[in-house]
Every structure is written in structure tokens, then in C-alpha cells.
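Trainee: Which chain is which? The protein sequence lines are P and A, in order. Its first residue numbered 156, the first sequence is counted upward by one per residue in our numbering. Its first residue numbered 156, the second sequence is counted upward by one per residue in our numbering. Input: one structure, supplied below.
Number of protein chains: 2
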Amino acid sequence: MIKKKDVPYRINLPEDRIPRQWYNLRADMKELPPPMLNPGTLRPITKVEELAPIFCDELCKQELNTTDRYIDIPEAIVDFYKMCRPSPLIRAYCLEEELETPAKIYYKFEGNNTSGSHKLNSAIPQAYYAKEQGLKGLTTETGAGQWGTALSMACAYYKLGLEVFMVKGSYNQKPYRKNIMETFGARITPSPSMTTEVGKKILEAFPDTNGSLGCAISEAIEAAVTGESKRYVLGSVLNQVLLHQSIIGLETKEAMAMCGEYPDVVIGCAGGGSNLGGFIAPYMQDRLTGKAKPYFIAVEPASCPSMTRGKYAYDFCDTGKVTPLAKMYTLGSDFLPAPNHAGGLRYHGMSPILSKLYADGWLDEARSYVQTDVFEAAVRFARCEGLLPAPESSHAIKAAIDEALKCKESGEEKTILFNLTGTGYFDMTAYASFLDGSMGDSVPTDEQLEASFARLPKVD
Amino acid sequence: MIKKKDVPYRINLPEDRIPRQWYNLRADMKELPPPMLNPGTLRPITKVEELAPIFCDELCKQELNTTDRYIDIPEAIVDFYKMCRPSPLIRAYCLEEELETPAKIYYKFEGNNTSGSHKLNSAIPQAYYAKEQGLKGLTTETGAGQWGTALSMACAYYKLGLEVFMVKGSYNQKPYRKNIMETFGARITPSPSMTTEVGKKILEAFPDTNGSLGCAISEAIEAAVTGESKRYVLGSVLNQVLLHQSIIGLETKEAMAMCGEYPDVVIGCAGGGSNLGGFIAPYMQDRLTGKAKPYFIAVEPASCPSMTRGKYAYDFCDTGKVTPLAKMYTLGSDFLPAPNHAGGLRYHGMSPILSKLYADGWLDEARSYVQTDVFEAAVRFARCEGLLPAPESSHAIKAAIDEALKCKESGEEKTILFNLTGTGYFDMTAYASFLDGSMGDSVPTDEQLEASFARLPKVD
């Protein structure tokens, strides 16, 4: 089926249409997500001062701000955003042809910058506010490396020190990710390490461990609070991160409107929720305020199914149990997902905002796929669309393809929109293992999950 | 010095401004480059039939076409170009600030597509014409892998078979490059191989060789002419490739004009000449027709200095001496450059069009840099511009920085324009060796070059 190409392949907003305000979804939620709890007292955290030893002051304010619908983006951040924004919205004409579907498929492409993913959208403001506060440096963790790379770029630009705790498994498997962060001047420590108390404890108990995201978070927080003029920053899960990432959705909605389009289905992959939460935000606003009713799908790996098989409960955000507790869909903070090539989706929890929206039925559906199905979709997509997707993003691609094939079946001309969060240049080992047939699919058993749930902190 | 930001950071032409015609520089040259010679008879090649066993028919016509100033781009190619074009023109505000220069620096960024370089501009038409001719497959060679990746993408799109002979050294050092080409469905053979007669001969003489671009070309041509319904394609040097790459220059000139700018200095890196030739083409037209007089600089690695230290003479394009002879700046077809991380610039010769322009003084200057200086510029650029350049492209960056620093000295507000051909994602080993201080600089001695020149074919 050859369609009339009445909208461009790539819809680029002009630079002067970069949003000047982030959108704070909480201001429109019918019920707010339950507050974070202090890990010592288990009492709700309501004051900036309680978070200020960990996070920059301005970011603490954003974290707790549930009332301001729009928050101004400082001019200096807008300028930095111009390096890579507005990002293109792409009409997937070639994929539509390949699938012979009557559906219209659009994707926002966030991998069009050197860090290769959407993570830069939050790395820039987080580094900016640290600089404004006069701090000397930041600490963070990284799993797959997208967040670490984005933050390295932002810190290089602002000439801020950066220490990255990188999950040891990734550190050993992905030397190039380490190299690129070092190129941007960051210091990389494989986690768990002997440089922190929590790292030492974990290494004592599990000398051969490959580490985990939860464990690297614990180390990075310790390094921040014990360091001089340092703060910790996180690339997902937090309310502030979803706020910054709303720029994806705001641009998308404007670019779609320029084409006279409104999506029937909105799809995003979900690890900690940073891209999904930011991407769907303005469409969720329409849904919450009764203006429209798009159907939302969150896609996660079957090996780490926090929304599809997790519990909605208070849990720690890290393995070392030093962070505040958040009410979220979780597999348990010491749940260790089976090896999976979508490192960015291997997190036990889920953004409290998205968790609440899912629990209340505003976020319509969560679904999971095994990774061989995801890579099959990725290769098919790459060959016709000419774009090599990250394994994480390919979860959304797989769901978009499935939705488009349903339309082929039913004859419906739905408009399907998904977020393509990043590129797969640093995931070639994964592609190779898919192509040579050695890739496996591993899914946790019910018994494993039940055992993990039994260890959840007793709060409610 | 904080400059008034009166033009955008990124200048994106709208999609409907993609050029509809390539520009054929030869039509405006005062004297044409001497013709290619048949390697058997040493007689000038003037007829399509003489090239048709090697190249697709339409491409043979383009190769020999010295008179048509503009050649229409088929609609299907324009549509494919839309995947990544128009590519952005970027005002390097951050680099200008970093250098504290009064100069204005612009660069065209051609790495904004999955193949990561400008090579796609010629891969698309070469695959398209093969498909139109009803061929089953193509063969080619690749060194660093940019060309092989681009061609794999184009062949995947047109569902054409592709066999890539990859220089054995790169094949072993860059497994991810191999993986990405395989993801797009190409078959990769390390060269020299036992699959061709010329490969067997070379392996017999040098069993431990790591191969070379010249040798991989010989194998790819043999595989094409002995295969069924196959042709050979090349990613640089040829007139047809410069023709296709003129799209870079055409877009650049239009985007610069949109900003009210015209460059004083135009800079490109030079290996076989594909990006430089296409990038400067429309500005060279102005120069040849007396409309303007921008200053042109070609930048090459000191380890492979074909323009700065080579001879302008007839030579073979490959090591196996099966190709036609071209008059060009050459280091000798069996010159083996020292290992250098800019694999895309490790070619013994130079485009005959550029060679002629340089010999006649239209191309003003060729200069060379050692790779540690190039990487120093690359890291400095990456940290302030937020873009990880390929080692090849970083040669142009180094020259642009040097020119901007001259302006700082003199106080001149020159407009400096360069082409940033690609990204460095697959070159992290090189960046790592620069950062840890293990990178070396090797430059051929005069004696080595004299010995190589003595082996040039006796033609003139």
C-alpha cells in the first residue's frame, strides 16, 4: 500500500519553539502519589531540608512541588537544549509500508545527540542547578551507561567534577561506554567498590557480584553525602526527572498538532519511568482534564516486570536501603533481574507518579516482552527505517508494530505514537547475540517474586 | 566574549528544500582532470561499455559525464534522503566562546544518521541504480567501516545482497562495525581472503598481513566481475561519488545564505576526497566562475599525506592493480600507511577532480596533522560542543580551531566553515589510547616515499 505522503518524513520544530516551561503532571492529577518516607522514621518527607543533603536545593523544591502546573526553564538551559532540541518527530512511512498497515505510525526520536538518549533532558538541568548552587561536583550511578554519558556531557559543559559508579557487569562488558564518559572528563568507578562503606559491605557478603543499579545508587549517595560540596543526581524515577522529561511530550504534542494529528495510542518503554512519564505527560493532561482519551501503553522487559507482575507498595529505591521509601510498583529492592540487554530497564521499581496513574487506571496498560521478540522487532525496524534503536527503545517499537498489525487485521486507521528513546551503537554485542541465535530469554518464576515480595519493608 | 546569538544554533532546512539535482563540478572546471586509463592498454577510457562490467550502467554514465552541470536526483532517492536530510548546519557558539575568538565558526554535521557519516549520500544512489538495473547484489570494500555501514543500510532498504570485504586489521579491531553491517543483512569477509584469486595471491606472499584498502578493493572487484548479476561500488575517489556528495555543499550554501553568511575559509578532511569534493563543490563553482573567492583547505593525516607529500601522477586505485589508472596525488598504490586511527583517511590516492584543482591552484592549501594533535582538538571540541566527532572529521576540526586562533591573534572576524563528516562511536579505543597517553604518531620518511614513487607505473 503506497500512502500519500502528505506530512514530511521528519517534522522539525524551529529552535524558537523549544518549550520555555516544563509541565508538572502532578498539578493535574486527581489524587497525588503518596509522599516519600524518611528511611529512618518512616514519616512523610515534606520539607526541602530533609532532601537537601542529597540533592541540590532547587531540585529538592521541584521534587516536592505538587502545585505549580508549569515551571520556567532558565534561559541558560534552553540554550544548552539547543544543542539537540527540538528533537525530530518522524513519520514511519517505511515501517508502515513494511507492515502493510492502514495505521499511521509516528515516533519522537530522542537519540539524536551524542549521549544517544533522552537522558540529556534531565542531565542538563541537574548539572545547571548544581553549578548555580556553587557545588564542586556530582555523583551518580549508571547501568547501561546512557545516563552516565549524558551527565558527563552536561558536567563537561559546566566544568563540574563527576564521579560515576558503574554497575560492574556493565563496566566489564561495555568498555566503550566507560571510554566515552572519560572522554567527557568523568571519573568511573566499577560498583560495588572499596571506595564506600556500603560497597565494602556488599563485597564482603558477595565478593563475586557483578553489582546492580540499586547497589550503585547506594554507593553514589554515600560518596555525595560524605564528599565536599557534592550532591547526588539520579536519571530516572524521581518526580524532578519526569518534570524535565516533559519537554519530550510538549514538543511531540506541538509537532503532531502541526501535522493535524492526535494519537489514538501512545506507547513508551518503561524502566524507572523517565521517558514514559515525560513523553505522555501533556497527553495525560488531556486525559485527566477530559479533553481527549488516548490509550497509554507502558512496555517493560519480561525479565524485569515491575508493573506487570510487581506489587504497588512502599519500597526503597536502592539495594543498600539508604534512600527514602517511595510507594511504587516494585519487584523488591534486592530483586536481581536475569541478565538482559536492555540495561536501562533493569530497575526493580517504577516512578511513583506513573505507579499511581497505573494503579488508578489512567495509564491503561502495561505489557512485557521477552528480549528475542524485542530484538526481532528492532532488526526489522532498523532495516526499513534506517535507524539502529537501543534495546530499551525497541520495547516500544515491538508494541507499536503489534498495534499496527492489529490495525491491519481490523482495517482501522489508528494513529500510533511512540517514543524512540535512544540509539544502539553501544549495544552491538546484544545485536550480535540475537543474530547468531545465542540470545536467551529468562523470566522470573512466581516463587522468586513471592520470596522477593516477602522481604518488602513493612509500612502500610 | 559573549556574542549576540543572532542566528540559531542549528539551522535546519525544511524537507522540501532538499536539493533535487546534484551539481557536477567538472562542468565548470577550466581544465578537466585527465581521463582514466585502461589498465591493459593504457588508453583513455571514454565509453560507458568499458566500465560497465564493473559499475552499474547509470553510474558509468555519471562517471564519464563532464558536461551536464546539474543531474536530476530521482524522486525515490530524494525520499530515501529524507531519512536523514537536510542535515543540520550548526553555529559553533560554544567552541567560539571556548576559544575566545572573534571568528564565526559554522559546521555542517553529516553524522546525524545511523551509518554515522556522510557516506550514505552516495550509498543510496549507488544501491538505487543497482536495483533499477535489476541486479541481485553488490560488492564493496570497507576500511574503518563507515562506507560499509552506509551501503548495508541502503542495500537493506532496497533488499539487495551485499558482500563487504573488510580490511582484516579493522575486522579484528572493530567487531562492532562488523556487527552493525550484519544487523543490516550484509555478508562480511575479512580481506585478504581465500575467496578470491587476488586474495589468495596476496596471502601466499604475505600470510600475516592485516590487509589494506587497496587490497580489499581488488578482492571486491573480482567478486563482482566473476559473480552473477553483481556490480562493484566504491565510496570515495570516483567522480560519481563526488557528484552525489555535492548535496552536502548545496544544502550548506543554502543554509548559510539563510543566515546571511558566506564563508571566508572552507575546510574539509581528505582521504579519498568524497566529503571534501562534495562539500566545497558549490563554493568552488563561485571561485571558478569569479563570483567569490573563499579559501579552501584540505586536511589529511601526517601518516598518509597524499596531497602534502605525494606525487601528481597516474596510478592504480588498488593494490592488486586491476582498476583503471587515474591521474591523482598518490603515495603509490602499494604504500602502506602506519597504523592511524583515522581509518577513513588511510588511502594512498586522492580524487582526480580534487587533485586537478589542487595542481592548478584552485584548491588553495593542503595541510597535515599528527593524530595526537587531532585527538586533542577532538576532545576539546566534544567537551564544549557536546558532539563526539570521528577521528577523520577531527582533522577538519583541528584546522578550524587553528584558523579561529589565528583570528584571535589578528582580531579578524572571519567566517570559518567546515564539514563534520561523522561520529566517533566506533572509535572509542582510539579515544581511550589518546586519553591514557599510549597513542603514537608515525610519519613516513622521505626515503620510504621515494622508494614508493619509484614503483609508480610508467605512463607519462
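Every residue, glycine too, gets a C-beta built ideally from N, C-alpha and C.
Three-state secondary structure (DSSP) at A/T162?
Mentor: On the second sequence, residue 162 of chain A is found 7 positions in, with the first residue counted as 1. For the record, residue 162 of chain A in the displayed sequence is Val; it is not Thr. A/V162: coil per DSSP, three-state reduction.
Trainee: Applying the criterion that 16 or more other CB atoms from any shown protein chain within 10 Å of the CB defines a buried residue, is P/M439 buried or exposed?
Mentor: Taking the first sequence and counting its residues from 1, the one referred to as residue 439 of chain P is at position 284. With 16 or more Cβ atoms within 10 Å of its Cβ, P/M439 is classed as buried.
Trainee: Would you report the Cα separation of P/S565 and P/R442, rounded to the nearest angstrom?
Mentor: As a first step, residue 565 of chain P is located in the first sequence; it is residue number 410 there, counting from the start. As a first step, residue 442 of chain P is located in the first sequence; it is residue number 287 there, counting from the start. Cα to Cα, P/S565 sits roughly 25 angstroms from P/R442.
Trainee: Please determine, among P/R464, P/L168, P/A609, the residue with the shortest C-alpha to C-alpha distance to P/I245.
Mentor: Against the first sequence, residue 245 of chain P aligns to sequence position 90. It is P/L168.
Trainee: Determine which residues of the segment 231-242 of chain A have a Cβ less than 7 angstroms from any Cβ of chain B, and write them out in chain order.
Mentor: Absent from the structure is chain B; the protein chains it does hold are P and A.
Trainee: Who are the near neighbours of P/I343 in its chain, counting only those whose CB is closer than 6 angstroms to its CB and skipping five residues on each side?
Mentor: The residue you call residue 343 of chain P lines up with position 188 of the first sequence. So the qualifying residues of the chain are V319, M321, K333, M336.
Trainee: Would you report the Cα separation of P/E602 and P/A609, rounded to the nearest angstrom?
Mentor: Numbered from 1 along the first sequence, position 447 holds the residue referred to as residue 602 of chain P. Numbered from 1 along the first sequence, position 454 holds the residue referred to as residue 609 of chain P. A straight line joining the alpha-carbon of P/E602 with that of P/A609 spans about 11 angstroms.
Trainee: At which residues does the beta strand (DSSP E) containing P/E520 begin and terminate?
Mentor: For this step, residue 520 of chain P is matched to residue 365 along the first sequence. Segment 520-524, the beta strand (DSSP E) holding P/E520.
Trainee: Ignore the nearest five residues each way along the sequence and tell me which others in P/K160's own chain have a CB closer than 7 angstroms to its CB.
Mentor: Sequence index remark: in the first sequence, residue 160 of chain P carries index 5 (1-based). Closer than 7 angstroms at Cβ, skipping near neighbours: Y248.
Trainee: Return the CA-CA distance between P/V598 and P/P330, expressed in angstroms with no decimal places.
Mentor: The sequence position of residue 598 of chain P within the first sequence is 443, counting from 1. The sequence position of residue 330 of chain P within the first sequence is 175, counting from 1. Going by the C-alpha atoms only, they are around 27 angstroms apart.
Trainee: Does P/T295 have its Cβ less than 8 angstroms from a Cβ in chain A?
Mentor: Start at 1 with the first residue of the first sequence, and residue 295 of chain P comes out as number 140. Taking Cβ atoms only, chain A never reaches closer than 8 angstroms to P/T295, which makes this a no.
Trainee: Would you tell me roughly how many angstroms separate the C-alpha atoms of A/R181 and A/P189, rounded to the nearest one?
Mentor: Position 26 of the second sequence, counting from 1, holds the residue named residue 181 of chain A. Position 34 of the second sequence, counting from 1, holds the residue named residue 189 of chain A. C-alpha of A/R181 to C-alpha of A/P189: approximately 11 angstroms in a straight line.
Trainee: Can you check DSSP and say which residues form a bridge with A/Q176?
Mentor: By one-based count along the second sequence, residue 176 of chain A stands at place 21. Bridge partners of A/Q176 according to DSSP: A/D227.
Trainee: Any chance you could list the beta strand (DSSP E) runs of at least 3 consecutive residues sitting entirely within the segment 314-402 of chain A, in chain order?
Mentor: 316-322, 342-346, 385-387
Trainee: For A/S429, which three-state DSSP category applies?
Mentor: Mapped onto the second sequence, residue 429 of chain A falls at position 274. Reduced to three states, the DSSP call for A/S429 is helix.
Trainee: Am I right that P/P280 and P/I226 are in contact with their C-beta atoms under 8 angstroms? What's the rounded C-beta distance?
Mentor: Reading the first sequence from its first residue, position 125 is the one you call residue 280 of chain P. Reading the first sequence from its first residue, position 71 is the one you call residue 226 of chain P. Going by Cβ atoms, the distance from P/P280 to P/I226 rounds to 10 angstroms, so no, they are not a contact pair.
Trainee: Between P/T338 and chain A, is the shortest Cβ-Cβ distance under 8 angstroms, so that the two count as touching?
Mentor: Residue 338 of chain P sits at position 183 when you count from the first residue of the first sequence. At least one chain A Cβ lies under 8 angstroms of P/T338.
Trainee: Have a look at the DSSP bridge pairing and note the partners of A/K286.
Mentor: In the second sequence, counting from the first residue as 1, residue 286 of chain A sits at position 131. Looking at the DSSP assignment, A/K286 forms no beta bridge with any residue, so it has no partner.
Trainee: Run through the DSSP bridge pairs and tell me what P/L192 is partnered with.
Mentor: Within the first sequence, residue 192 of chain P is the residue found at index 37, counting from 1. Paired residues: P/P199, P/L480.
Trainee: By Cβ distance, which residues of its chain are closer than 6 angstroms to P/G303, with the 5 residues on each side in sequence left out?
Mentor: Here the question's residue 303 of chain P lines up with position 148 in the first sequence. So the list reads T297, V319, M336, once near-sequence residues are dropped.
Trainee: Per DSSP, what are the beta-bridge partners of P/P544 in this structure?
Mentor: Counting from 1 along the first sequence, the entry for residue 544 of chain P is found at position 389. The partner list for P/P544 (beta bridge, DSSP) reads P/T578.
Trainee: Whole angstroms is fine: what's the gap from A/E374's alpha carbon to A/V477's?
Mentor: On the second sequence, position 219 is the one that residue 374 of chain A refers to. On the second sequence, position 322 is the one that residue 477 of chain A refers to. Cα-Cα distance, rounded: 10 angstroms.
Trainee: Tell me whether P/S384 is buried or exposed, calling it buried when 16 or more other Cβ atoms sit within 10 Å of its Cβ.
Mentor: By one-based count along the first sequence, residue 384 of chain P stands at place 229. By the 10 Å Cβ count, P/S384 comes out exposed.
Trainee: Identify every residue that forms a DSSP beta bridge with P/C651.
Mentor: As displayed, chain P neither begins before 156 nor continues past 615, which places residue 651 of chain P out of reach and without an answer.
Trainee: Between the alpha carbons of P/G366 and P/Y580, how many angstroms are there, rounded?
Mentor: The residue labelled residue 366 of chain P in the question sits at position 211 within the first sequence. The residue labelled residue 580 of chain P in the question sits at position 425 within the first sequence. Each residue's alpha carbon lies about 23 angstroms from the other.
Trainee: Please return the same chain residues whose Cβ sits closer than 6 angstroms to the Cβ of P/P208, not counting the five positions on each side in sequence.
Mentor: By one-based count along the first sequence, residue 208 of chain P stands at place 53. The answer, listed in chain order, is V380.
Trainee: Once the 5 residues before and after P/K259 are set aside, which same chain residues still bring their CB inside 6 angstroms of it?
Mentor: Taking the first residue of the first sequence as position 1, residue 259 of chain P is located at position 104. Here the set comprises T570.
Trainee: For P/T297, report the span of its beta strand (DSSP E) as first-last.
Mentor: Here residue 297 of chain P corresponds to residue number 142 of the first sequence, with the count starting at 1. Residues 292-297.
Trainee: Which residue marks the beginning of the alpha helix (DSSP H) containing P/A468, and which one marks its end?
Mentor: Your numbering for residue 468 of chain P matches position 313 in the first sequence. Segment 466-471 is the beta strand (DSSP E) holding P/A468; no alpha helix (DSSP H) there.
Trainee: Would you verify that the beta carbon of P/C414 is, or is not, closer than 8 angstroms to some beta carbon of chain A?
Mentor: Working through the first sequence from its first residue, we reach residue 414 of chain P at position 259. Interface flag for P/C414 against chain A is unset, since no Cβ pair is found closer than 8 angstroms.
Trainee: Can you tell me which residues form a DSSP beta bridge with P/T570?
Mentor: For the purposes of this step, residue 570 of chain P is identified with residue 415 of the first sequence, where counting begins at 1. Looking at the DSSP assignment, P/T570 forms a beta bridge with P/K259.
Trainee: I'd like the list of long-range same chain contacts for P/S429, defined as Cβ closer than 6 angstroms, with 5 residues on each side in sequence excluded.
Mentor: Locating residue 429 of chain P in the first sequence gives position 274, counting from the first residue. These residues qualify, in order along the chain: S391, V396, Q400.
Trainee: Quick one, which residues of the segment 298-317 of chain A are near chain P if we go by CB-CB under 8 angstroms, in chain order?
Mentor: M308, A311, Y312
Trainee: For the putative contact between P/S549 and P/V525, defined by C-beta atoms under 8 angstroms, what is the C-beta separation to the nearest angstrom?
Mentor: Here residue 549 of chain P refers to the residue found at position 394 when the first sequence is read from its first residue. Here residue 525 of chain P refers to the residue found at position 370 when the first sequence is read from its first residue. Rounded, the Cβ-Cβ distance is 12 angstroms, inconsistent with contact.
Trainee: Starting from P/L244, trace the beta strand (DSSP E) in both directions and tell me its first and last residue.
Mentor: On the first sequence, residue 244 of chain P is found 89 positions in, with the first residue counted as 1. Taken as a continuous stretch (DSSP letters only), the beta strand (DSSP E) holding P/L244 covers 244-246.
Trainee: Between A/P449, A/Y261, A/L393, A/P494, which has its C-alpha nearest A/D519's C-alpha?
Mentor: Numbered from 1 along the second sequence, position 364 holds the residue referred to as residue 519 of chain A. When each option's Cα is compared against that of A/D519, the closest is A/P449.
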